[in-house]
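Residue numbers (the working numbering): 4 to 81.
Every residue gets a Cβ at the ideal spot worked out from N, C-alpha and C, and that includes glycine.
To start, the structure under review is shown below, and the notes come after it.
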């Protein structure tokens, strides 16, 4: 989106900056002592700041399906 009006662009940018922490997660790739890495999601859950060790708001079956798809050789099709 391109806005030619500085007041409107500033308003939208300020609104975005003030709301993004409430609706999005910040990802962190954490290195463990044994050299492995894991992904952490930082965000708001149930009205409080929380850190999730698994993808937020996904159940077992959704994570299972995603994990299964990782086994398929479809990388070249993307």
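Whole-number beta carbon distance between residue 44 and residue 63, since they are thought to touch under 8 Å: Residue 63 to residue 44, Cβ: 17 Å. No contact.
What are the boundary residues of the beta strand (DSSP E) that includes residue 17? Membership of residue 17 in any beta strand (DSSP E) is not indicated; the residue belongs instead to the alpha helix (DSSP H) covering 9 to 26.
Residues that DSSP places opposite residue 71 in a beta bridge: The partner list for residue 71 (beta bridge, DSSP) is empty, contrary to what the question assumes.
Taking the C-alpha atoms as reference points, what is the distance between residue 26 and residue 57? Taking the straight line joining both Cα atoms gives about 17 Å.
Go through the segment 34 to 60 residue by residue and report every complete run of the beta strand (DSSP E) that reaches 3 residues or more, in order. Those beta strand (DSSP E) runs which fall completely within the segment 34 to 60 and span 3+ residues are 40 to 48 and 51 to 55.
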